[in-house]
Every structure is written in structure tokens, then in C-alpha cells.
Amino acid sequence: MRRASVVRVLVIASVVTAMLTGCGAETTEDGSSGPTGEPLVIGAVLSVTGAQSGLGQPEKQAIEMEVARINEAGGINGRPLEVLIEDDGSDVDKATAATTKLVEQDRVLAVIGSTGTSQSMAMRAEIVAAGIPQVSLGSGTAITSEFDPLVFQTTWTAKLVVPLMLQYLEDEGYTKVGLITEDTGFGKDGKALVNELASEYGMTVVSDQVFKAADTDMTGQLTVIKGAGAEVVLMYSSVSASAIVPKNMRQLNMDIPLVCSHGNAKQEFVDGAGEAGEGVITFAGKVLAPETYGADTEQYKVATGFVERYTAEYGVAPDHYAGHAYDGLYLVVEAMKRLPEGFTSADLRDEIEKTTDLPGIGGVFTFSKTDHNGMTEDDIVMYRIEDGAWVLAE
Amino acid sequence: MENAELLQLAIAGLKNGSIYALLALGFTIVYAATNVINFAQGEFFMLGGMFAVFAFKTLGLPLIAAVPLAVVAVTGVGVLFEVLAIRPRRDGDQMSLVIITVGGSLVLSSLARHLFGSDALPLPEFTPGPSLAFAGAAIERQTLWIWGLVLIAVVALTMLYSRTRLGRAMRACMQNREAARLMGIDTGRVVMISFALAAMLGALAGVAVTPLTSTRFDIGAGIAVKGFAAAILGGLGNPIAAVAGGLLLGLIEQAVIPFSSTLKDVVAIVVLLSVLFVRPQGLFIRERKEKT
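Which chain is which? The protein sequence lines are Z and H, in order. Take the first sequence: its letter number 162 is residue 169 in the working numbering, and every next letter is one higher. Take the second sequence: its letter number 292 is residue 1268 in the working numbering, and every next letter is one higher.
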């Protein structure tokens, strides 16, 4: 084959790949036994496949399970709830395309998602053009700090988590931190904030490394971190590849601790890291240890009920991603319940904004005209991997 | 930067480079036999890891059985792929064959998703234990396995090409398929064996690297790009050039990291494009006059 045709082949092949990997919608059961009447239709854009599938999968499962439960209990004011779940494959373009489809074809009242920060931000133009509320499950600070009245968020942002991580490092007496982040919206968010705040906690970032979601080896980055004399490695990431970092650290005989963000507080990370994961620390929500909610709180009841149902349905306990999806769904559902028949997307947005003291899995939600996140550092606790599971750390 | 660090980066580069080399070999072998870039090459890599995890976890086989079984099974997939997808269109133009391989890659990854789920799946190391110290740097045991497997693959391929009748037939096809066919070589068989070899090498890379990285149904495309880049860098159609290209690509990537890990992939692509502009035939292949 001549050179020109090699190039031609490549171009055509990549176009075809891009076209063929489009996403298909999956509908949750619309509870034919319970409520009657026209269903209330909302959309959900989730990263069910791709680099963030470890997050999107539990989110999808949580929504499917809860929608069935809501419909069995009579739906929303007598009308069944239907959630159209679209997979964005952890890709910003597919997230945008999925949103367009939900808005133009399915005429949804609101959109939950996406899983990731980059996807959530990419969807915004469609959301704003359609004038419907979006409840993002992504954790990037930008999602609510680049404020839009239509956009809500169910997750703790870097602004909340990074100070907790740095405070812990300061308390432990570390001063030289090696930073490793992933090349996504989520990772960049953490990277920027750690670099900005490190000095306030007496910390120097001695090496600032990045890896890609598709990377299979981080020994290079870690070698540089090791060479720079880091006393602790701080990781801000969420993709599957994160689990390679503790493995590579062990391979390089780096016996310094690894502290990661809430993006890694899931079983996928523990399984992927194997023995090398023992002792790794993360900061995340209380759902992994429901007793931390406080035994007689409303939140404890909500969370333990959810944990029980989810465990019975799927055979594994839910992580905080499942919790974010639960929260996103109920923020919309509870607002719908409060509204009279025949409400519009604009009414729904206004009603979501009025949410006050709604007990959820990730926190107790109170929104205002200027705060569409509403989480506090009290919603986060510290975990450590012990014997292949995340356990509460002192 | 100290010497030990440089050495450590070089080790990482040669480790990743060996994986790229195995994939590049797969590209190059199929290209030599068919003049077609096989975009399903990355899926053989993915399936290698998947099958090994399946045999080890689900069937409960010991690693020593699961790993060879996975490689054999993927080799079978390669043969099936040729028979079912490529052979019916063998006399079609190259473009349609390439599109078939793209479609095949999507089919294989979708199948893997349905069979094995969309989570990342881990596999234990072949020989667990602490890394070996070498001049201040650490070499993990799995890396030694990777190097060993690459070495065996290259030696075996060289023997195949130089010592056997089949190898001579494959080399003849490489030089001129039409002429080879006129000389009585069964080119159909050569094509099938090329796909089998490519699948086997891809699977070998996949099982060797899965203990370090875990595997997932959609990792094939990403690694295929690296393998393809390595094959182009070295020069398509020549096994030794493919290996050299793979190792070089791995080393270049690591060399960029101390300056900026963000730019790692960018620099690799820039190097690749420069090579395509300056030496379109690849770095390690002498320019050959086109036969007319």
C-alpha cells in the first residue's frame, strides 16, 4: 500500500469507528402495575462504559432500582416515572449527542448527569438552549462555580475535598508531596487546587505528574516523583487506570503512603490494586460506613434503606457513586412531587432550587439561588484499604 | 536527574516498548500477507487478557494453564476472524478489507463487553514477589516475563521466517503476493496463518500485561494505536523493524516524562508524524523502489 492510501485508510477508519460507537438508549421499567396516566419522563446521561464505567455502572443500577421502587409505590402524584438512560462512554462528544437526543427527541423534563465533570460541562450548551434543569453527578468545582441557574450538583467538589486531604498531610507532618492526577476535567480540577492551596498547609508540590485514562503504566511518572524526594503521593483521579498507581509504586519499592481523592473510593480500585492497595487512604462520603451518619438521623434511615435494597438487588454494597445517582434522582423526584399537575421544566428548576434539608446519601441537600451544591466537609470521612475493602480510618 | 532514575525510566520504556513491539509485529505480519492494516489487532490484545481472567477466575484454572489456554483461544479467534470476515471478501479492494477489520474490532469488543462486563478485571502476577534491584533501579518480575516472552516471540518468528517452508512462503508473499501465487504458493493459507500469528502475538502481549494493568473490554483501540504507531515508526512489513519501532516508541514516551508527563503522548505522535514525512518507509527499512 502506498503512503497516501495508508493515510486515507486511517482517516476513514477513525471516522467509521467514531460513527459506529454511538450510544443506544435503555429504558427503565415504567412500572405497568402501579400508576397510570402519561409518564413523567426525565433523562440520565451516565458513563456506563469507558474509562469511568466504574462510576457510571453503579449510578445506572441505583437509578434503575429506585425508579422501579418509586413506580411500585404509586409513582409521582399518580403518574409513572420514566428515566431514559443514555451511555456516554465517558466521552464528551457522546455526552453532548445524548443530551441533544434526550432534549429534542424525548422532550425530557430534566437531565441527570453526566458521571464525569468534562461530560457535564460539555452538556451545558444543550441544557441552556433547552432551558431544562440538569443535576450533574460530576465532582468538578466548575460545574457549580461557573454558575448557571439550570445546573445542580450532587457531589463534593475539589474545593471541599482538597483542603481535607492537605489538612491530613499537614497533621501527619509531611511537607513534600508528589502529585499525580489524571488528564480529565476531574483531575485537572484537583491538580489546580492542590497547587494553589499546598503552601497554605506548609506543603511543597515537589513533582506534578499527569497520566491519561488510557495509560497502562505510570512507573515513569512515579520514578520522577520518587526522584524529587516526595514523602507522600497524593493522587486526584477517578478512572480505572488509577489502580495501576499503587501497583507501580510497589514495583518501584516506594514505601511512602498514597492518599487519594474520593474518585477512587470504589471496589473497582481495591480489586485493581490488589495487595498493593493495602493502606491506601481516601476521603469520601459516609455511605461506605453508614454508622457515621449517626444512628438516629433521618439520613441514616435513608442510607441504610438504600444500602439494604441495593445489596439485595445487586449482591454488592453501593459506593458513593450509586449514592450520587440516588441523590440526583430524588432531588428531581421530590421537586416533582411538590409541584401541581401540568408543571413545566422551568417550574421544576425553581422547585429543585427550593430543596431544603433533603436527606440524601452524599449529604443533606439545601440549595439556594447562589448555591447549587450545598455539601459541607461534614459529609466526608476518611477511609483506608484493609484486607481488600475500604474501612473507616480514625 | 540521577543515573538510577534514568535507568528506571529506560526500564519502563523498554517494558512498554516490548508490548508495543508485540502489537506492531501483529500489524506487520498481517500487512505483509495482505497489504491491509488490521484494526482488530488491539482486540486480540484485549481478548488475551479477558480469556486469561475468565480461565483463571471463572473456570478456576491455575495461571500456568489459564495463560497458555487464553493465547491458544485467541489464536483460534484470529483464525475464525480470517475465515468468517476476511476470506469472503479476499478479492475485494484493500479499503473494504480495512473497513471489515474496523467492524470486526467493534464486534469483538462489544462481545467482550456482553460476556465479561464493562468493569476493569485484574489478574495476579505470574510470579508474585518484590521487584528485583538492579543498579539502584527496580525491575518488577512481570517485566522480566514480558521481556522473556518478546524475546521468545522474536526468535521463534525469525526461525519461522528463515528456516521453514511456510516462512519462506510468507516472505515470498511479503515481497510480491501475485508473483508468489503464480509460483504455486497457497497465499490463502499464508493469510490465515498470518492472522493466527497476529492474534497469538496480540494475546501474548495482553496476558503478559494484564497483571500490571487489569483489562477492560474497550482497551483494544488505545493500545492498537500505540502498536500501529510503533509499526509505522519502524517500518511496516518488517518484523525486526516493528520490534525496533516498539522499543523506540516506549523509550521516547518515558524520555518526555521528566519534562512534562502531559506531553508524553503528544511527543510520541509528533515523532511519528515527523518520521512519516521524512522517511515514509519507516526508520529501519531501506527505501525500496516500487515494483511496477
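Note that the Cβ used here is the ideal one computed from N, Cα and C, for glycine as well.
Check	Outcome
CB of threonine 1191(H) within 8 Å of CB of valine 1047(H), strictly	no
Range of the contiguous alpha helix (DSSP H) that encloses tryptophan 397(Z)	Not the alpha helix (DSSP H): tryptophan 397(Z) falls in the beta strand (DSSP E), residues 396 to 399.
Nearest-angstrom Cα separation, counted from serine 97(Z) out to glutamine 258(Z)	29 Å
Presumed contact (8 Å Cβ cut-off) between glycine 185(Z) and valine 213(Z), rounded CB distance	6 Å
Valine 212(Z), enclosing alpha helix (DSSP H) - first and last residue	First-last for valine 212(Z): 211 to 218, but that is the beta strand (DSSP E), not the alpha helix (DSSP H).
Closest Cα partner of glutamine 1257(H) within the set Gly1221(H), Leu1212(H), Gly1226(H)	Leu1212(H)
Presumed contact (8 Å Cβ cut-off) between threonine 377(Z) and leucine 338(Z), rounded CB distance	Not quite, the Cβ-Cβ distance comes to about 17 Å (not below 8 Å), so this is no contact.
Residue-level contact to chain H via CB, leucine 365(Z), 8 Å cutoff	no
Close Cβ partners of valine 1185(H) (< 6 Å) along its chain, the five nearest in sequence each way excluded	Ile995
Assumed close pair valine 266(Z), valine 239(Z) - CB separation to whole angstroms, cut-off 8 Å	6 Å
Per-residue contacts from threonine 1238(H) into chain Z (C-beta, under 8 Å)	Asp190, Val217
Selection from Gln1118(H), Gly1112(H), Pro1098(H), Leu1099(H) that minimises the alpha carbon distance to proline 1106(H)	Gln1118(H)
Contact residues within the segment 260 to 284 of chain Z, judged by C-beta distance below 7 Å to chain H	Asn260, Glu275, Asp278, Gly279, Gly281
Complete beta strand (DSSP E) runs within the segment 141 to 186 of chain Z (minimum length 3 residues, chain order)	141 to 143, 158 to 160
Alanine 403(Z) versus alanine 102(Z): straight-line alpha-carbon distance, rounded	Since the first residue of chain Z shown is 8 and the last is 401, residue 403(Z) is not available in this structure.
Opposing strand residues paired with glutamate 89(Z) [DSSP bridges]	Val48(Z)
Chain H contacts from the segment 221 to 233 of chain Z (Cβ-Cβ distance under 7 Å)	Ala221, Thr223, Asp224, Thr226, Gly227, Gln228, Thr230, Val231
For glutamate 1058(H), the three-state DSSP class (helix, strand or coil)	helix
Where the beta strand (DSSP E) through glutamate 393(Z) begins and ends	387 to 393
Unbroken alpha helix (DSSP H) run spanning glutamate 129(Z), endpoints	Residue 129(Z) is actually alanine in this sequence, not glutamate. That run of the alpha helix (DSSP H) goes 124 to 129.
Per-residue contacts from glutamine 258(Z) into chain H (C-beta, under 7 Å)	Ser1107, Ala1114, Glu1116
Reference glutamate 93(Z); option with closest CA among Arg76(Z), Gln126(Z), Ala310(Z), Gly81(Z)	Gln126(Z)
Beta carbon proximity, alanine 1276(H) to chain Z, threshold 8 Å	Absent from the model: residue 1276(H). The displayed extent of chain H is 977 to 1268, so no value can be given.
is_contact[valine 55(Z), chain H] using C-beta, thresh 8 Å	yes
Minimum Cβ-Cβ distance from isoleucine 1233(H) to chain Z less than 8 Å	yes
Cutoff 8 Å: glutamine 64(Z) Cβ touching any chain H Cβ	yes
Range of the contiguous alpha helix (DSSP H) that encloses tyrosine 243(Z)	Taken as a continuous stretch (DSSP letters only), tyrosine 243(Z) belongs to no alpha helix (DSSP H), being part of the beta strand (DSSP E) at 239 to 243.
Extent of the continuous beta strand (DSSP E) run through threonine 1189(H)	Where threonine 1189(H) is concerned, there is no enclosing beta strand (DSSP E), although the alpha helix (DSSP H) it sits in stretches over 1163 to 1189.
Contact set for lysine 198(Z): own chain, Cβ-Cβ below 8 Å, skip 5 residues either direction	Leu186, Thr188, Asp215, Val217, Tyr243
Nonlocal neighbours in the same chain, by C-beta distance under 7 Å from arginine 1147(H), ignoring five residues either side	Tyr1137
Glycine 292(Z) - containing beta strand (DSSP E), residue span	288 to 292
At least three beta-carbon pairs within less than 8 Å, the segment 1214 to 1231 of chain H to the segment 981 to 997 of chain H	yes
Simplified DSSP assignment, three categories, for alanine 1114(H)	strand
Contacts around alanine 1113(H), its chain only, beta-carbon distance under 7 Å, and the 5 residues preceding and following it disregarded	Ala980, Leu983, Gln984, Ile987
DSSP state of leucine 116(Z) mapped onto helix, strand, coil	coil
Whether alanine 51(Z) touches isoleucine 134(Z) by CB criterion (8 Å)	no
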